[in-house]
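Student:
There are 4 protein chains.
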Amino acid sequence: MKIQLIGGDRRQLYLADYIRAHGFQVSTSALGTAAPPDWEADICILPLPATRDGVFLNAPMAAEPVALQSVLDHFKGKLLFGGMLPPAPQASYRVIDYFAAEEVTIGNIVPTVEGALALAIENTPFTLLNHPALVLGAGRIGSLLASRLTALGAAVTVAARREASLAACRALGAKARLYEDLPLQRFRLIFNTVPARVLEEEQLRRLPQDALLIELASRPGGFDPQKAEALGLRVMQAPGLPGKFAPETAAEIIGEYILKEMEHCE
Amino acid sequence: MKIQLIGGDRRQLYLADYIRAHGFQVSTSALGTAAPPDWEADICILPLPATRDGVFLNAPMAAEPVALQSVLDHFKGKLLFGGMLPPAPQASYRVIDYFAAEEVTIGNIVPTVEGALALAIENTPFTLLNHPALVLGAGRIGSLLASRLTALGAAVTVAARREASLAACRALGAKARLYEDLPLQRFRLIFNTVPARVLEEEQLRRLPQDALLIELASRPGGFDPQKAEALGLRVMQAPGLPGKFAPETAAEIIGEYILKEMEHCE
Amino acid sequence: MKIQLIGGDRRQLYLADYIRAHGFQVSTSALGTAAPPDWEADICILPLPATRDGVFLNAPMAAEPVALQSVLDHFKGKLLFGGMLPPAPQASYRVIDYFAAEEVTIGNIVPTVEGALALAIENTPFTLLNHPALVLGAGRIGSLLASRLTALGAAVTVAARREASLAACRALGAKARLYEDLPLQRFRLIFNTVPARVLEEEQLRRLPQDALLIELASRPGGFDPQKAEALGLRVMQAPGLPGKFAPETAAEIIGEYILKEMEHCE
Amino acid sequence: MKIQLIGGDRRQLYLADYIRAHGFQVSTSALGTAAPPDWEADICILPLPATRDGVFLNAPMAAEPVALQSVLDHFKGKLLFGGMLPPAPQASYRVIDYFAAEEVTIGNIVPTVEGALALAIENTPFTLLNHPALVLGAGRIGSLLASRLTALGAAVTVAARREASLAACRALGAKARLYEDLPLQRFRLIFNTVPARVLEEEQLRRLPQDALLIELASRPGGFDPQKAEALGLRVMQAPGLPGKFAPETAAEIIGEYILKEMEHCE
Chain U
165 MKIQLIGGDR
175 RQLYLADYIR
185 AHGFQVSTSA
195 LGTAAPPDWE
205 ADICILPLPA
215 TRDGVFLNAP
225 MAAEPVALQS
235 VLDHFKGKLL
245 FGGMLPPAPQ
255 ASYRVIDYFA
265 AEEVTIGNIV
275 PTVEGALALA
285 IENTPFTLLN
295 HPALVLGAGR
305 IGSLLASRLT
315 ALGAAVTVAA
325 RREASLAACR
335 ALGAKARLYE
345 DLPLQRFRLI
355 FNTVPARVLE
365 EEQLRRLPQD
375 ALLIELASRP
385 GGFDPQKAEA
395 LGLRVMQAPG
405 LPGKFAPETA
415 AEIIGEYILK
425 EMEHCE
Chain E
165 MKIQLIGGDR
175 RQLYLADYIR
185 AHGFQVSTSA
195 LGTAAPPDWE
205 ADICILPLPA
215 TRDGVFLNAP
225 MAAEPVALQS
235 VLDHFKGKLL
245 FGGMLPPAPQ
255 ASYRVIDYFA
265 AEEVTIGNIV
275 PTVEGALALA
285 IENTPFTLLN
295 HPALVLGAGR
305 IGSLLASRLT
315 ALGAAVTVAA
325 RREASLAACR
335 ALGAKARLYE
345 DLPLQRFRLI
355 FNTVPARVLE
365 EEQLRRLPQD
375 ALLIELASRP
385 GGFDPQKAEA
395 LGLRVMQAPG
405 LPGKFAPETA
415 AEIIGEYILK
425 EMEHCE
Chain R
165 MKIQLIGGDR
175 RQLYLADYIR
185 AHGFQVSTSA
195 LGTAAPPDWE
205 ADICILPLPA
215 TRDGVFLNAP
225 MAAEPVALQS
235 VLDHFKGKLL
245 FGGMLPPAPQ
255 ASYRVIDYFA
265 AEEVTIGNIV
275 PTVEGALALA
285 IENTPFTLLN
295 HPALVLGAGR
305 IGSLLASRLT
315 ALGAAVTVAA
325 RREASLAACR
335 ALGAKARLYE
345 DLPLQRFRLI
355 FNTVPARVLE
365 EEQLRRLPQD
375 ALLIELASRP
385 GGFDPQKAEA
395 LGLRVMQAPG
405 LPGKFAPETA
415 AEIIGEYILK
425 EMEHCE
Chain P
165 MKIQLIGGDR
175 RQLYLADYIR
185 AHGFQVSTSA
195 LGTAAPPDWE
205 ADICILPLPA
215 TRDGVFLNAP
225 MAAEPVALQS
235 VLDHFKGKLL
245 FGGMLPPAPQ
255 ASYRVIDYFA
265 AEEVTIGNIV
275 PTVEGALALA
285 IENTPFTLLN
295 HPALVLGAGR
305 IGSLLASRLT
315 ALGAAVTVAA
325 RREASLAACR
335 ALGAKARLYE
345 DLPLQRFRLI
355 FNTVPARVLE
365 EEQLRRLPQD
375 ALLIELASRP
385 GGFDPQKAEA
395 LGLRVMQAPG
405 LPGKFAPETA
415 AEIIGEYILK
425 EMEHCE
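Chains as they are written, first to last, in this note's numbering: chain U, 165 to 430; chain E, 165 to 430; chain R, 165 to 430; chain P, 165 to 430.
1) Verify whether the separation of the beta carbon atoms of P:F409 and P:E286 is less than 9 Å.
2) R:F409 by DSSP, collapsed to three states: which one?
3) Can you name the residues of chain E whose CB is closer than 8 Å to the CB of R:L292?
4) Using beta carbons (cut-off 9 Å, strictly below), is U:I418 in contact with chain P?
5) Apart from the five residues on each side of it in sequence, which residues of its chain come closer than 7 Å, Cβ to Cβ, to E:I305?
6) Would you say E:A335 lies against chain P (beta-carbon separation less than 9 Å)?
7) Could you work out which residues of chain R lie near P:V274, taking near to mean beta carbons separated by less than 7 Å?
8) Give a yes or no on contact between the stretch 315–327 of chain U and the stretch 281–297 of chain U, applying the rule of three or more CB pairs nearer than 8 Å.
9) Note down the Cα distance separating E:I417 from E:E267, rounded to an integer number of angstroms.
10) Just the chain E side, please: which residues come within less than 8 Å of P:G306 by C-beta, in chain order?
11) Hey, could you find the ends of the alpha helix (DSSP H) R:G306 is sitting in?
12) Could you tell me which residues DSSP puts in a beta bridge with P:G246?
13) Can you find the residues in the same chain that come closer than 8 Å, C-beta to C-beta, to U:R258, ignoring five residues on each side of it along the sequence?
14) For P:G271, which residues of its own chain have a beta-carbon under 6 Å away from its beta-carbon, when the five flanking residues on both sides are left out?
15) Which complete alpha helix (DSSP H) runs does the stretch 180–227 of chain E hold, if anything under 4 residues is left out?
16) From which residue to which residue does the alpha helix (DSSP H) around U:K446 run?
17) Can you pull the chain U residues whose beta carbon is under 7 Å from the beta carbon of P:R312, in chain order?
18) Please list the residues of the stretch 171–191 of chain R that have a C-beta atom closer than 7 Å to any C-beta atom in chain E, keeping them in chain order.
19) Hey, which unbroken runs of the beta strand (DSSP E) at 3 residues or more fall wholly within the stretch 316–366 of chain U?
20) Give me whichever residues DSSP pairs with E:A231 in a beta bridge.
21) Note down, in chain order, each residue of its chain lying with its Cβ closer than 6 Å to the Cβ of P:E365, except the 5 sequence neighbours on either side.
22) According to DSSP, P:Q401 sits in a beta bridge with which residue or residues?
23) Among R:M225, R:R383 and R:D206, which residue has its Cα nearest to the Cα of R:A198?
24) Any chance the stretch 344–358 of chain U sits against the stretch 321–329 of chain E, with 3 or more Cβ pairs inside 8 Å?
25) How should R:L169 be labelled, buried or exposed, when 16 other C-beta atoms within 10 angstroms of its C-beta is the threshold for buried?
26) Can you tell me the Cβ-Cβ gap for U:G247 and U:D237, rounded? I've got them flagged as a contact below 8 Å.
27) Can you tell which of U:V299, U:N222 and U:L397 has its C-alpha closest to the C-alpha of U:R486?
28) Please report the residue range of the alpha helix (DSSP H) in which E:P505 lies.
29) Can you tell me whether U:P251 is buried or exposed? The criterion is at least 16 other CB atoms within 10 Å of its CB, across all chains shown.
30) Is E:Q168 helix, strand or coil when you go by DSSP?
31) Are the stretch 390–407 of chain U and the stretch 365–377 of chain U touching, with three or more C-beta to C-beta distances below 8 Å?
32) Shorter than 9 Å from the beta carbon of U:T288 to some beta carbon of chain P?
33) So if I threshold CB-CB distances at 7 Å, which residues from the stretch 320–352 of chain U count as touching chain C?
34) Taking the alpha carbon of R:M426 as the point to measure from, which residue in R:F290, R:C208 and R:T192 has its own alpha carbon closest?
35) Taking its Cβ as the centre, do 16 or more other Cβ atoms sit within 10 Å of E:A231, making it buried, or is it exposed?
36) Let me know the secondary structure DSSP gives U:G385 once reduced to three states.
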């Protein structure tokens, strides 16, 4: 079985290693070398996201742009993996979006949370120990982040919409509040994990002048970054932390899923 | 507003204190004194469970048995709270089962988990630090228990039915396995949190001779206690830990819910 | 090499198993069977403490009392281990007090701390999570206890005599105060780890009426238990927790030390 | 009382704020503005380190170099604080090296450890969770680092010279080994906290090719960085982390000490 990776960055190099280590014949293209794709390969793996503009492959380490459609066409009828792939005519293309898999989503929680901790340590002038930190959202990322921050000694408050989510966060040792009931003026460090507005301009105004807002959720995110910056607050957009802070682990998570799916599809 | 508590144990005494501290006129009956119930009270609160046999009130501190039906009848048309109440003709009785409330269920997780830790420390001849422990079930209790055991240095494995639950447990620092894939011979300490058979006799046979099984779930539980004991294993049935290990906290959780519901019902 | 254990309780049975598992020929006496001591054995191991009254061996599982001196005399010139042994004429007796060894002292910290947690969970009506707990002393036991309580979500304050000890405790996420500066009225749960008075009667009076004091240190301890009880406070004397809560682990710690010393002495 | 800060970086600006907030009249010089020093001030505070070359003040935000001796002379007979100050003729100069104070050393442990965590998260391609990490040294920094890494789920091994230090680390949930007994080939992440060679070239050779060595100790450090890099290992020199990752907290620690000393000296 021959497997071809096209495009992507350091994470795809780790992914190639991972799959090779499991006994497959792997080649890479548009990934730091001039090697052309092997269109005869049995399976193709594209990066996460597979494309940023819907037209060209996401291939920052490639010498020249690669059209996504041409890749899709070459692998028509064969198994093709990619992250956040645009919808394809399913009849003729056998496309699997690994970013939609629950195992991958969950696997990415820890690298995301560790990355968020590093960003916070580096970009605040104070220690996490004994300092108030606010986590917006009590989902999987929010609750693990709250738990890790607590383990590092921060005074964590988690905000959520429902009493039941709050009760679960209290069990972790964090304080928990409904969004409408937050003592915002206390927090110089805020993490958002909710992909929907939870802090309006009026709330942003109540934050301390030197607050740092770290946005971990996808668009539209928990607050308007322009408005936050216009108020003098510091904003860090932090998408894709697993690929940045733990590309090897992120590759293993994707690789494990791909190998399992390959077995299923055989 | 007059509130009458009838029956129960130490937890109900704490509950009486809690409600009194919030400004209500509270009396108790069948709870360590000879005082008869005040049938004129506006609201009645029964213990958890309200009854053990369906006939008499659960009232271990009462001098004489109290018939549940007579209490229900006296408070017909008035608000009556109780835990795990048998179904009543809803038209004429205004009965609220506080044990069915999500806040109460979630609030009970921490007292349950702390009680489970104490039982394990006391009933195993080894420290939790560095010893393997198996948690059956990755729900709310299972995952918090896994997290606390990990914090105490145990080598925790969580078992669940679905890969996605496992991935979430791994983020907590525990190992995670599907039920069919457990190295059972390693575990001398097993907690069950699943109210359904997960260990059959064949699996029980694979446990070490001196294993301790702590049953935290309600019936039928994760294993057959008779079969386990017949195999020489030690079994601890551990229902109702919040009332035993943290009656004051358990009372606060119930009290907070009751006060909120009283406001709603007014 | 033949090894004879005489006296002691369950911990000595685990110790016998441990040494046997390391390839030695082990026999026990005054330890639940009627077997007489094998006076021809090469090495003798006595329990911890070896004696409680200075005359008879500490042998609660023996049918009849055993005079310590007769044991000492039989093993004159041979290696004899025991815990908290009274001083012997070193010329003719080769006596080693394993309780004086630093490895054993340090090894006992974890079983002591886990036992203290279990006692606290069982004997307070509230959860550790979110409740204030006071740890007197910032030594090895005090600081590990503070760290474990913090991991379970308690609001821990450590008290010590020196600013430097306090700074180290703060790093663990606990609050830290000098003894003279303690808000005693807040603490319903107090652990003492200091073998010297740190709370005088005047301070005991400032504790809440339902406070629980757990004494983990050896005499004279951090407070006068009679005075505390006369004030209505609850006192738990908790010496020897490793033997009670983790006899197997405690035996391993002693066994490991004894085997190492046996090698040295050969 | 007028206080003059001369030289330093962002930490000294936070220190100026801290002291000002405690009611003193504070001015700064050679710290981002063109203001000359107020030689009439009662007390002078220099940065940490006060000088890097023994001649000029450590003043990266100053427009021009400032001779250390001229500052010393202007404040002769007055109280002068600085970090790692070269020895001065004590008779005429009242110089206090705040970096030598135990409170400051201990206070710096947490910012150092948090900085080390951020460096590790950022500079390894894997998550800390489930990955082996080696901490050289079981002193204050080593043991807190081991504890924090364990809390983040890393599989931590601490190495030390003495069995007693090892036993204390095991209580934290880490593995512990003597230096001569380390499975070095397993560790791709190594932190050194010992200011003396503990890894010789022969040991460095046994590390994996892509290992990262983070040096937290002062010279000469735990290994020879040139030799490590010549072997292809990655080395991060990481001195002064508190000033880099938590200048505000670091300033508070120094400020608290200085204020206390000022009281003493009055």
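C-beta atoms are modelled at their ideal positions from N, C-alpha and C, and glycine is treated no differently.
Tutor: Short version:
1) no
2) helix
3) E278
4) no
5) I273, T276, V277, T357 and L380
6) yes
7) A335
8) yes
9) 8 Å
10) Going along chain E, no residue has its Cβ under 8 Å from P:G306, so there is no contact; the nearest lies around 18 Å.
11) R304 to A315
12) P:D261
13) G241, K242, L243, L244 and C429
14) I417
15) none
16) Residue 446 of chain U falls outside the range modelled here, since chain U spans only 165 to 430, and no answer is possible.
17) L316
18) Y178
19) 319–324, 339–342 and 353–356
20) E:F220
21) K391
22) P:E379
23) R:M225
24) no
25) buried
26) That pair is no contact at about 19 Å.
27) For chain U, the structure presents residues 165 to 430; residue 486 of chain U sits outside this window and is missing.
28) Nothing can be reported for residue 505 of chain E, as the shown portion of chain E is limited to 165 through 430.
29) exposed
30) strand
31) yes
32) yes
33) In the structure shown, chain C does not exist; the protein chains are U, E, R and P.
34) R:C208
35) exposed
36) coil
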